[in-house]
Amino acid sequence: MYVDIYKYILLFSIFHSSTYLTFSLGFSMLFGVAKIPNLAYGSLYILSAYVMYALTTYIGLEPLVAALVAILVAGLASLLIGEVVVKPGLKMPVSVFITTLSVAYIFEEFFRIEMGLRPITLPVYPGVTYVLGVPVSNHWFLILSASLLMFLSLTAFLKYAVLGRSIRAVAESWDESRRLGIDPLKVLRVAFFVAGVYAGATGVLLTPLKALTPTAGWGPLFTAFAIVALGGVGSVTGTLIASFIYGFFEQSMTYVLGSGVASISPLILIVLVLVFRPQGLMGRVE
Amino acid sequence: MSVVFAKRSAKDLIVGKIPFLIALAVLTLLPLLNVGGFWLDVLTKVNLFLLVTLAIDLYSGTTYYLNLGVSFTFGFAGYSLALLNVYYGIPTEYSMLLAIPISIFFSLAILLPSLKIRGVYFAILSLLVPIIFVGIVTAQPFSLYLGGEGGLRFKQLFLDFARSLPPGVRLTFLQYSYYYISLAAAVVGYVIAYKIGFSDFGFMLRAVGQDEELAEGTGINTLKVKVIGFLISSAYASVAGALYASMRPPVTVDLVVPANTLIPPLTSVIVGGLGTLIGPAIANYLLLLTYELLWGLIGRWRVIAYMLLLIIIITIKPQGIVFKAYVEARKFLRGVFSE
């Protein structure tokens, strides 16, 4: 059956972008609050996937229950990383670079030793739907709706909830928010937990379609880095736009150049954007 | 983080120079104690990594512009060497020398436009450069010319000469010559870095790190200082990369991957104390040798143990531990001498 390539690119850039969006949202928000990138963020992605794998294969839990448990574990792990590793080094951003990176390597090595390099997969949501004549796995629709839900709930949380507003206040200025009676460290804890949940959810959602190895955390981490650099730190709208630019650019480049170079082509785009607009597309000049 | 430098007395110089001379003597005489080929290789690597550590400390440690593209400069020197060797037939000894300016030039050309970007964005941008390079080298059309995952093969340094020697001493000759070359590079690199660190230029670099606007206000051309500092830093990384690659063919992306050639030196800089030169230099030897020792002790769990150790050290003392320990030790020594 003949499938129009443009339809294909358009559809799959939307699907891929939505996964980038969920993953980058947590990273961006946390980056905004802590002012430091959490390089252990990618390991939460693999952590939740491995936890779900262990729960479904060895214990035989229902996929939905296992997924929720895995996401919760990722959130708690993120909270722990924030408390133990990030908080003591907040005054020395360079040291947080190293410590969070060390955490990422610990996770990678642990899974390499315990699970080996053999890729794992998780159960796929069954069925195929035809959209514009293109066959699409129903799992992609699950991902799309989940990420839409996560995007909207984060937007609403940051806009209306007291805690969400505190997150924005702390991202704006630690000192000012302290004067307003907000405890930045408490807010940081919330941000770490929410970010962990977002990373974990992406891992659980994406692994069924994309086999996972212990080194799988790095790719999403750099993608998130690039998207946040493009969209501006802490900007939800910026992250949304940047994710779609990234996804669309990557998918079209895959068609033009082949998958090898395509995976790095968005990074080159982002370097160029940053050189001319250092604060990102939606970021503000400080 | 400011360090006050007083005018040095003769006693200070004795106390300050003696540890350096002892370290030099130990490193020079160590191979004569028959430490074995494995440890000679490790020490050669550690000597060369000292240059990378100094590259990071001289620039990022003083100006706080965290240049994570050092591993790109390091690896690019290796690739330039290999390409000159493979496609132009230039012997390793000469292509190694040619690779240094080429790598410096490309690092400057690629990373200079980002120098106007500050803080975390600069760090991100400079980290993207080696990652993009790895992507290009392993991707389809380029990997045919750049060797892909398998890397580019060429004759290692002094191999032709070594082949003229009797078979029994070939390997020993190579190992010993590499070790002493790396040691010479490390010593010269350290002395130059020390001179730079305490020169007027070194103070200008620190001024940029403390407060860029204020430095500009006092009449320092901050852009010029940053560019020259970057140039020196790239020169260190390039020399290290070219020497390292010339001793261990084939050249692969492992040279560029930040985990291999960025994280160990960066860790040394942080554990050693940013911008203190002696601290990172000591930390470089302590940490890298510890890492190799762990292999014998706990095997495959060494990465986890090492990383946990790092986290503990850095979490307890984010400002670096080695420099402070060194200062304390010197105070103690001075006390002993004045008795």
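In the order they appear, the protein sequences are chains Z and C.
Counting from -9, one number per residue, gives the positions in the first sequence under the working numbering.
Counting from 6, one number per residue, gives the positions in the second sequence under the working numbering.
The C-beta atom is built at its ideal place from N, Cα and C for all residues, glycine as well.
In terms of alpha-carbon separation, which member of the options lies closest to residue i?
i: Ser85 of chain Z; options: C:Arg123, C:Leu294, C:Gly277 and C:Asn90; result: C:Gly277
i: Ser8 of chain Z; options: Z:Pro204, Z:Ala136 and Z:Glu98; result: Z:Ala136
i: Glu162 of chain Z; options: Z:Gly22, Z:Tyr10, Z:Thr12 and Z:Leu11; result: Z:Gly22
i: Leu69 of chain Z; options: Z:Tyr150, Z:Ser242, Z:Val218 and Z:Ala185; result: Z:Ala185
i: Asn265 of chain C; options: C:Thr67, C:Gly66, C:Pro36 and C:Ser76; result: C:Ser76
i: Phe104 of chain C; options: C:Ala167, C:Leu86 and C:Arg253; result: In the sequence on display, residue 104 of chain C carries Ala and not Phe. That would be C:Leu86, whose Cα lies nearest to the Cα of Ala104 of chain C.
i: Ser239 of chain C; options: C:Thr78, C:Thr68 and C:Val332; result: C:Thr78
i: Pro36 of chain C; options: C:Tyr184, C:Leu88, C:Asp165 and C:Leu133; result: C:Tyr184
i: Gly325 of chain C; options: C:Val274, C:Leu298 and C:Val332; result: C:Val274
i: Tyr281 of chain C; options: C:Ser187, C:Phe54, C:Tyr331 and C:Pro269; result: The amino acid occupying residue 281 of chain C in the given sequence is Thr; Tyr does not appear at that position. Here the closest residue by C-alpha is C:Tyr331.
i: Ile26 of chain Z; options: Z:Gly65, Z:Gly72, Z:Lys(-3) and Z:Tyr10; result: Z:Gly72
i: Leu267 of chain C; options: Z:Tyr48, Z:Leu45 and Z:Ser92; result: Z:Ser92
i: Ala193 of chain C; options: C:Leu338, C:Leu55 and C:Phe337; result: According to the sequence shown, residue 193 of chain C is Val rather than Ala. Of the candidates C:Leu338, C:Leu55 and C:Phe337, the one whose C-alpha sits nearest the C-alpha of Val193 of chain C is C:Leu55.
i: Phe159 of chain C; options: C:Leu32, C:Ile95 and C:Val262; result: C:Ile95
i: Ile319 of chain C; options: C:Ile309, C:Val341, C:Thr272 and C:Ala334; result: C:Thr272
i: Tyr188 of chain Z; options: Z:Lys(-3), Z:Leu1, Z:Leu132 and Z:Met19; result: Z:Met19
i: Ala167 of chain C; options: C:Ser182, C:Glu154, C:Gly153 and C:Leu157; result: C:Ser182
i: Leu1 of chain Z; options: Z:Val251, Z:Ile157, Z:Phe131 and Z:Leu11; result: Z:Phe131
i: Ser100 of chain C; options: C:Thr49, C:Leu113, C:Val125 and C:Tyr84; result: C:Tyr84
i: Tyr70 of chain C; options: C:Tyr290, C:Met312, C:Lys121 and C:Phe328; result: C:Lys121
i: Ile309 of chain C; options: Z:Leu247, Z:Ser255, Z:Ala94 and Z:Leu134; result: Z:Ala94
i: Gly282 of chain Z; options: Z:Ala206, Z:Ala191 and Z:Pro113; result: Nothing in the structure corresponds to residue 282 of chain Z, since chain Z is present only between -9 and 276.
i: Ala114 of chain C; options: C:Thr143, C:Leu102 and C:Ser131; result: C:Ser131
i: Asp165 of chain Z; options: Z:Ala67, Z:Val76, Z:Ala24 and Z:Val180; result: Z:Ala24
i: Tyr290 of chain C; options: C:Val327, C:Phe163, C:Thr257 and C:Leu260; result: C:Val327
i: Val251 of chain Z; options: C:Val139, C:Ser119 and C:Leu116; result: C:Val139
Within 10 angstroms of the Cβ of residue i, are there 16 or more other Cβ atoms? Answer buried if so, exposed if not.
i: Thr229 of chain Z; result: buried
i: Lys22 of chain C; result: exposed
i: Ser253 of chain Z; result: buried
i: Ile107 of chain C; result: buried
i: Val218 of chain Z; result: buried
i: Leu54 of chain Z; result: exposed
i: Asn39 of chain C; result: exposed
i: Gln241 of chain Z; result: buried
i: Thr223 of chain C; result: exposed
i: Asn90 of chain C; result: buried
i: Arg123 of chain C; result: exposed
i: Lys229 of chain C; result: exposed
i: Leu149 of chain C; result: exposed
i: Ala146 of chain Z; result: exposed
i: Phe13 of chain Z; result: buried
i: Lys176 of chain Z; result: exposed
i: Ala11 of chain C; result: With a pLDDT of only 49 at Ala11 of chain C, under 50, the local geometry of the prediction cannot be trusted, and the value read off the model is given with reservation. Ala11 of chain C comes out exposed.
i: Tyr(-4) of chain Z; result: exposed
i: Gly42 of chain C; result: exposed
Identify the continuous beta strand (DSSP E) that holds residue i and give its terminal residues.
i: Tyr69 of chain C; result: Here Tyr69 of chain C belongs to no beta strand (DSSP E), and DSSP marks it neither H nor E.
i: Pro125 of chain Z; result: Val124 to Ser127
i: Val121 of chain Z; result: Val118 to Val121
At which residues does the alpha helix (DSSP H) containing residue i begin and terminate?
i: Val114 of chain Z; result: Where Val114 of chain Z is concerned, there is no enclosing alpha helix (DSSP H), given that its DSSP letter is neither H nor E.
i: Glu166 of chain Z; result: Trp164 to Arg169
i: Ala82 of chain C; result: Val75 to Tyr93
i: Arg102 of chain Z; result: Pro83 to Met105
i: Thr97 of chain C; result: Thr97 to Leu116
Interface residues of chain D around residue i at Cβ under 9 Å?
i: Pro27 of chain Z; result: Here chain D cannot be found, since the structure's protein chains are Z and C.
Query raised in the report: Could you give the uninterrupted runs of the alpha helix (DSSP H) lying entirely in the region 217 to 259 of chain Z, keeping only those of 4 residues or more?
Result: 226 to 247 and 249 to 252
Query - Ranges of the alpha helix (DSSP H) found wholly within the region 119 to 156 of chain C, counting only runs of at least 4 - result: 124 to 143 and 145 to 151
Query raised in the report: Can you list the beta strand (DSSP E) stretches of 3 or more residues lying completely in the region 168 to 241 of chain C, in chain order?
Result: none
Query raised in the report: Does the region 292 to 306 of chain C come within contact of the region 158 to 176 of chain C, defined as at least 3 CB pairs closer than 8 Å?
Result: no
**Report entry** Segments assigned beta strand (DSSP E), at least 3 residues, entirely inside the region 12 to 55 of chain Z
**Finding:** none
Query raised in the report: Could you give the uninterrupted runs of the alpha helix (DSSP H) lying entirely in the region 265 to 322 of chain C, keeping only those of 4 residues or more?
Result: With a minimum length of 4 residues, the continuous alpha helix (DSSP H) runs that stay inside the region 265 to 322 of chain C are 268 to 277, 283 to 303 and 307 to 321.
**Report entry** Whole runs of the beta strand (DSSP E) within the region 175 to 205 of chain Z, excluding any shorter than 3 residues
**Finding:** none
Report task. Tell me, please, whether the region 224 to 235 of chain C touches the region 274 to 289 of chain C by the rule of three or more beta-carbon pairs shorter than 8 Å. Result -> no
Report task. Evaluate contact between the region 193 to 208 of chain Z and the region 102 to 112 of chain Z, counting only Cβ atoms and requiring at least three cross-stretch pairs below 8 Å. Result -> yes
Query - At least 3 beta-carbon pairs within less than 8 Å: the region 38 to 53 of chain Z vs the region 220 to 229 of chain Z - result: no
Report task. Check whether the region 206 to 218 of chain Z touches the region 44 to 63 of chain Z, taking contact to mean three or more Cβ pairs, one atom from each stretch, closer than 8 Å. Result -> no
Report task. Would you check if the region 54 to 66 of chain C and the region 182 to 200 of chain C touch, i.e. whether three or more CB-CB distances between them fall below 8 Å? Result -> yes
Query raised in the report: Counting Cβ pairs, one atom from each stretch, are 3 or more of them under 8 Å apart for the region 244 to 263 of chain C and the region 289 to 298 of chain C?
Result: The answer is no - the region 289 to 298 of chain C does not touch the region 244 to 263 of chain C, with fewer than three Cβ pairs under 8 Å.
Report task. Inspect the CB distances between the region 209 to 227 of chain C and the region 25 to 35 of chain C and report whether three or more fall short of 8 Å. Result -> no
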